[in-house]
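The opening residue of the sequence shown carries number 3 in this note's numbering; numbering runs sequentially from there. In this text, a Cβ means the ideal position worked out from N, Cα and C, and glycines have one as well.
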Amino acid sequence: MRKSFRFSLPTLFVGLLAVALSAHSAVPLVNGKNGMPTLAPMLKDVTPAVVNISVLTRAAIEENPLFRDPFFRHFFNLPEQAARPERSVGSGVILDAANGYVVTNYHVIKDAQQVVVTLKDRRQFQATLVGTDPGTDIALLKIDAKNLQALHFGDSDLLNVGDFVVAIGNPFGLGQTVTSGIVSALGRSGIDIEGYEDFIQTDASINPGNSGGALVNLKGELVGINSAIVAPTGANVGIGFAVPSVMVKAVLDQLVRFGEVRRGRLGATSEDITHDLAASLGLPSTEGAIISTVEPGSPAEKAGMKSRDVVMAVNGKSIRDSMDLRNKIGLMPIGETINLGLIRDGKPVTARVTIATPLDVPGTEAETVPQLAGATVANLKGGSSHGRIEGVLVTKVDANSPAWRHGIRPGDIIIGANRKKVRSVREFLAVLRTSEDSIVLNLLRGDFRLTLIIR
């Protein structure tokens, strides 16, 4: 006679959690009081390192240039202060107790007039800004405080889909909150076209106010900084994103040294590998990035790289696609020599490339673009260091302008618009005049090609 066993979902989850915890000897398996698996001992050590970030910013009305015009204010009898400052909240993580370094998201402290850090023990400190990197949405703050507790870095490259993780932050300004879940996916991108993205996706609840908070593994190690959510209803729907700790650490190293991330270049553009291209090259999969062009005199050319080389690895770490290559190169300090694992004509090749400083691209007299308010463009000067590349150089983009919000940045080279090549400002403006609902721009930004859709 067979015996049947039934398990409730809570019991099953506890059992699975117990198995997971047993693999992490640094985490106590049971609570001594009731014998049940718990994360409480780990969280007791971790949560003091997660802080509340309170930011005082200018109200949106102050961003209107009319309100900064003294004549306009006098004519309409406006007060000296157009609007009261607005206060927003987010989260942060202490990563260096001795120096008082606190990491958060760039979008949390963007345009801040004042940043106040509140610790779990309710002490408050006014923070100073060390540096920011909008490309990865990371900012580094510093507070002058004693008896701080820092969180230790974990290796996000060791994460697997299905690993248990815990998110800690301050959602909706409620105060410190802990949620749990699993790693739902790795290597997510496409959230922000201009960014260097390699997000960890998790179903641990992340809501407004969690931005800048910690994503930790069951050992209590930082594996990510919570950054964004997919929120069609305005609240969490089980899809959250965190910047991997490996990327955070690389950014912080440069922010501490320079106050910014100084990105270099290879001098080679790359593209994703399609199934047809993989078949024609005899590749086993679409993993990797194929080199499309190599600039004359660039570090890539000096290292012997050629068009149609397939980049499979950077310093021994595999490359998924051209975005992954862009991420890894974008975090390499200028002057560092890296090893690229290539496939050339079906054979493995290694190229040693030294990251160089970005090119200073010369342009002619700048012109404004009515359809891209806030941006000025110019023709590329003949004989520029971009060699055979033809296009329109973006010489300036005003911060927070429509062009900036659409993702256009100074130094971009517009090589196409609405599926038509553009070789001059005149051609570019002619294409824009015929545009109706949207504009599709093909850009060259550094070593990489991007597509922006502007509606």
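First and last residue of the beta strand (DSSP E) that includes F127?
Q126 to Q128
Once the 5 residues before and after A353 are set aside, which same chain residues still bring their CB inside 7 Å of it?
A305, G306, M307, L342 and L344
Can you give the Cα-Cα distance for S2 and A281, rounded to whole angstroms?
Lying before the first or after the last residue shown, residue 2 is absent from the chain, which here runs from 3 to 457.
What residues match up with P2 in a beta bridge as DSSP calls it?
Any answer about residue 2 is impossible in this case: the structure gives the chain only from 3 up to 457.
Have a look at N101, F166, F430 and L160 and flag the residue whose alpha-carbon is nearest the alpha-carbon of L142.
N101
Counting C-beta neighbours from all protein chains within 10 Å, is the total for H388 16 or more, i.e. buried, or is it exposed?
With a pLDDT of 48 at H388, under the threshold of 50, the modelled position of that residue is not reliable, and no figure is offered here.
Where Q128 and Q115 are concerned, what is the direct C-alpha to C-alpha distance, given to the nearest angstrom?
11 Å
Does DSSP put I241 in a helix, a strand or coil?
coil
What number of angstroms, rounded off, separates the C-alpha of V250 from the C-alpha of T397?
30 Å
Does the segment 240-259 come within contact of the segment 271-288, defined as at least 3 CB pairs closer than 8 Å?
no
Would you list the one or two residues that DSSP bridges to A187?
Q203
Taking all protein chains shown into account, do 16 or more other C-beta atoms lie within 10 angstroms of the C-beta of N149, making it buried, or fewer, making it exposed?
exposed
Specify, as a first and last residue, the run of the alpha helix (DSSP H) that A432 falls within.
V427 to R435
Taking 7 Å as the limit between beta carbons, can you name the residues of its chain near T359, skipping five residues before and five after?
G266 and I336
I170 to S182, Cα distance in whole Å?
9 Å
With distances taken Cα to Cα, identify the nearest neighbour of V394 among T378, A405 and R407.
T378
Segment contact flag, the segment 255-262 with the segment 291-302, C-beta cutoff 8 Å, min 3 pairs:
no
Contact check, S229 vs D165 under 8 Å by CB: the rounded distance?
Not confirmed; about 18 Å, so no contact.
Please determine, among G133, V218 and N212, the residue with the shortest C-alpha to C-alpha distance to L153.
V218
Check for me: the alpha helix (DSSP H) holding G175 runs from which residue to which?
Segment: none, G175 is in no alpha helix (DSSP H) and carries neither H nor E.
Given 8 Å, three or more beta-carbon pairs between the segment 404-412 and the segment 426-433:
no
According to DSSP, simplified to helix, strand and coil, what is A216?
strand
Would you kindly work out how many angstroms separate the C-alpha atoms of V48 and L333, rounded to a whole number?
27 Å
Check the DSSP bridge columns for N381 and list the partner residues they point to.
V394
Report the residue from A206, P210 and V163 whose alpha carbon sits nearest the alpha carbon of G177.
P210
Thinking C-beta only, is V119 closer than 7 Å to V185?
no
Look at S324 and E273 and say whether their C-beta atoms are less than 7 Å apart.
yes
From I55, V399 and K423, residue whose alpha carbon lies closest to that of K144:
I55
Report yes if the CB atom of I111 is closer than 7 Å to the CB atom of A51, and no otherwise.
no
Where does G156 land, buried or exposed, given buried means 16+ other C-beta within 10 angstroms?
buried
From the DSSP secondary-structure annotation, give me the bridge partner or partners of S481.
Residue coverage of the chain in this structure runs from 3 to 457, which leaves residue 481 outside it and unanswerable.
Could you spell out where the beta strand (DSSP E) holding A315 opens and where it closes?
V312 to V316
Neighbour-count burial assignment, M38, 16 or more Cβ in a 10 Å radius:
exposed
What's the C-alpha gap between E223 and A216?
9 Å
Roughly how many angstroms lie between the CA atoms of V458 and D400, to the nearest whole one?
The chain is shown from 3 up to 457; residue 458 falls before or after that span and cannot be answered.
Reduced DSSP category for K148 - H, G, I as helix; E, B as strand; rest coil
coil
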